[in-house]
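Asker: Residue numbers (our numbering): 261 to 890.
Ideal placement from N, C-alpha and C gives every residue a C-beta, glycine not left out.
As the structure is a prediction and not an experimental result, all values here were calculated from the model.
Got a structure here, written out as structure tokens. Questions coming.
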């Protein structure tokens, strides 16, 4: 009997250790030991060791409860996690999408091109301001046009596909983590991704990069599943997502995924797997989905092949001719600010988890994307967006598996949060300064500075509270840390929503377009002098004449049907003096030069930030108290 007791005492001791590892071990123990444990339990009361009896009975009761209720509890837990993720996605991605105007320049561009597709019925050749525009493939335009058809043409229907792509990223991450790690890991990873400052910001401001990220991440996860399971479903999903990603942003999708997979298979010593991955079926899928548009465009539009492939892809990567250059370390502060508040953990996570085989693919993917765009001659902050889901998975694994570990000593905790608060405040100050410099308007800083300081004060207070919590011994766990930072991100997104009206008047022409629409009792010309405000055609619903500027429409301006709509100084002067009503959207710094081109007086109708709306004398003016500008 004593030998039996010793045996079961050892089993109970092991159970208390193993119980923390996960549900899978509990199931295994149930299958192997359950019968013996129950049989042995009834003999333990003969022993004098009450501690063994208490520990043993507690362990058995816990085990029996888990074994009996496990399937239902697990389903309930997954359902709760999913509901929370959906609710968080709605709040961070979808809530009040129509509460702010389109932003210059990207949102204006990506809203107007599909609007013209719907208006003209031409879904093959993209046009911006009714001028051919070949910089990007058409997938985002097609999806947005479909949204316009269903929901109407407005800001919400325009932003809905972009927010939906962000939502799919969070759901894919959750489902993958649930399958490969645990529901808790999936839940934490998804919430980290949703609450990243850069990710939820790009979910609410439309660029191609969010759709591109969603498709690339889907392809990456599909490859991982196909590599592990060899199921044909994931083979097809991988190639479909890869083909669609190419149709969204071009050959960069092939390069990024190709290099990542090659490095990963090399580390796994499975390069032979490429033969299975690149079969005739893969070529057929890519050819059916991607090639038709590129082939038709190359045949139909003679300028397309050279402009798209050579100028917009090869030369954009190798040179700085597009004026979007930056130092080699450009994306380090971008990533640090974009991953806030979670970026404070990135060094620690990389050091601790780089050797974990299950995360190897995500580390390689993050490194490849980061290195590719770092060496590129063209750099913009959204380019780094595809690394966010992978880093969220790594961070989620860290929090899920290290939740019971003690955090570092109090001094290190304080140092962490001092760094955290400093980075946040510096980031917002830097962002406001850069934006103000970009807009070349000191009034902008004066308008938004009180909001920035209020936000920084909130950041400092939240950091101080979390420091106090973490210094309490009972709270020195990663669990409260995770939920505190998630809540902090919620505070940030609410603060940004509150300040959208302040930002609006500095980043859009909606107000000027509304003024034009109110004045337009009769059809009139609308001229954009010295620049091209890409939100203007969307809000005025008509073609804009462009004076003394071509910008990214330079290629399209070469076509005979577009040339009359690009004016030099002489043509601009003739239009003002023609007797026709003319509205002029112009920046303040160009007012003087524009006024000197004509003998007429230009009447200022409205000014918003650095943009002004003027008109010649032939425009019916309903507000005579407005001063003339000469």
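DSSP three-state label for residue 874, please.
Answerer: Strand at residue 874.
Asker: For the candidate residues 411, 861, 341 and 454, whose alpha-carbon lies nearest to that of residue 652?
Answerer: Selected option, being the one with the closest Cα: 454.
Asker: Would you list, in sequence order, the uninterrupted beta strand (DSSP E) runs of no fewer than 3 residues that lie entirely inside the segment 762-844?
Answerer: Those beta strand (DSSP E) runs which fall completely within the segment 762-844 and span 3+ residues are 785-789 and 805-807.
Asker: Please classify residue 861 as buried or exposed, where buried requires at least 16 neighbouring CB atoms within 10 angstroms.
Answerer: Residue 861 comes out exposed.
Asker: With H, G and I counted as helix, E and B as strand and the rest as coil, what does DSSP make of residue 867?
Answerer: Strand at residue 867.
Asker: Which term fits residue 356, buried or exposed, when burial requires 16 or more other beta carbons within 10 angstroms of its beta carbon?
Answerer: Answer is exposed; the Cβ neighbour count stays below 16.
Asker: According to DSSP, which residues form a beta bridge with residue 387?
Answerer: Bridge partners of residue 387: 392.
Asker: How should residue 466 be labelled, buried or exposed, when 16 other C-beta atoms within 10 angstroms of its C-beta is the threshold for buried?
Answerer: Classification for residue 466: buried.
Asker: So residue 843 and residue 784 are supposed to be a Cβ contact under 8 Å. How far apart are they, rounded?
Answerer: Indeed they touch by this definition, with Cβ atoms about 6 Å apart.
Asker: Based on Cα-Cα distance, which residue from 532, 774, 447 and 494 lies nearest to residue 541?
Answerer: The candidate whose alpha carbon is nearest that of residue 541 is 494.
Asker: Could you pull the start and end residues of the alpha helix (DSSP H) that residue 470 belongs to?
Answerer: Here the alpha helix (DSSP H) through residue 470 covers 468-489.
Asker: Would you decide whether residue 375 is buried or exposed? Buried here means 16 or more other CB atoms lie within 10 Å of its CB.
Answerer: Buried, because 16 or more other Cβ atoms sit within 10 Å of the Cβ of residue 375.
Asker: Tell me the DSSP secondary structure of residue 588 in three-state form.
Answerer: Correct three-state label for residue 588: coil.
Asker: Quick one: using the 10 Å Cβ neighbour count with 16 as the cut-off for buried, is residue 372 buried or exposed?
Answerer: Residue 372 should be labelled buried.
Asker: Could you tell me which of 378, 412 and 423 sits nearest to residue 351, measuring between CA atoms?
Answerer: Nearest of 378, 412 and 423 to residue 351, Cα basis: 423.
Asker: Within 10 angstroms of the Cβ of residue 543, are there 16 or more other Cβ atoms? Answer buried if so, exposed if not.
Answerer: The residue is exposed, with fewer than 16 neighbouring Cβ atoms inside 10 Å.
Asker: Rounded to whole angstroms, what is the Cα-Cα separation between residue 409 and residue 420?
Answerer: Rounded to whole angstroms, residue 409 to residue 420 spans 13 Å at the Cα level.
Asker: In whole angstroms, what separates the C-alpha of residue 601 from that of residue 610?
Answerer: About 16 Å.
Asker: What are the uninterrupted segments assigned as beta strand (DSSP E) that are 3 or more residues long and contained completely in the segment 348-422, given in chain order?
Answerer: Those beta strand (DSSP E) runs which fall completely within the segment 348-422 and span 3+ residues do not exist here.
Asker: Answer with buried or exposed for residue 536, where buried requires no fewer than 16 other C-beta atoms within 10 angstroms of its C-beta.
Answerer: The residue in question, residue 536, is exposed, as its Cβ has fewer than 16 Cβ neighbours within 10 Å.
Asker: What span of residues does the alpha helix (DSSP H) with residue 465 cover, start to end?
Answerer: No alpha helix (DSSP H) contains residue 465, which DSSP labels as neither H nor E.
Asker: Helix, strand or coil: which one does DSSP assign to residue 531?
Answerer: Here residue 531 sits in coil by DSSP.
Asker: Can you tell me which of the three DSSP states residue 433 falls into?
Answerer: It is helical.
Asker: Flag residue 656 as yes when its Cβ comes closer than 7 Å to any non-hydrogen atom of the ligand NAD, and as no otherwise.
Answerer: For the structure depicted, the ligand NAD is absent and the ligand set is empty, with no information on it obtainable.
Asker: Between which two residues does the alpha helix (DSSP H) containing residue 494 stretch?
Answerer: Residue 494 -> alpha helix (DSSP H) spans 492-509.
Asker: Measure the C-alpha to C-alpha separation of residue 906 and residue 800 and round it to an integer number of angstroms.
Answerer: Because residue 906 is not part of the residues shown, which for the chain are 261 to 890, the question remains open.
Asker: Check this for me: beta carbons of residue 486 and residue 477, under 8 Å apart or not?
Answerer: Not a contact, by the Cβ cut-off of 8 Å.
Asker: Using the C-alpha atoms, what's the distance from residue 598 back to residue 462?
Answerer: Cα to Cα, the separation comes out at about 10 Å.
Asker: Do residue 364 and residue 793 have their C-beta atoms within less than 8 Å of each other?
Answerer: Yes, the Cβ-Cβ distance between residue 364 and residue 793 is below 8 Å.
Asker: Do you know offhand how far residue 824's Cα is from residue 803's?
Answerer: Their Cα atoms are separated by approximately 12 Å.
Asker: For residue 847, write down the residues that DSSP places opposite it in a beta bridge.
Answerer: Beta-bridge pairing links residue 847 to 871.
Asker: Among 339, 437 and 345, which one has its Cα closest to the Cα of residue 656?
Answerer: Ranking 339, 437 and 345 by Cα distance to residue 656 puts 437 first.
Asker: Which class does residue 451 belong to by DSSP, given the choice of helix, strand or coil?
Answerer: Here residue 451 sits in helix by DSSP.
Asker: Taking a contact to mean a Cβ-Cβ separation below 8 Å, would you say residue 866 touches residue 645 in this structure?
Answerer: Taking 8 Å as the Cβ cut-off, residue 866 and residue 645 do not qualify as a contacting pair.
Asker: Would you mind giving the Cβ-Cβ distance between residue 819 and residue 392, rounded to the nearest angstrom? I have them listed as a contact below 8 Å.
Answerer: With a Cβ gap of about 6 Å, residue 819 and residue 392 count as contacting.
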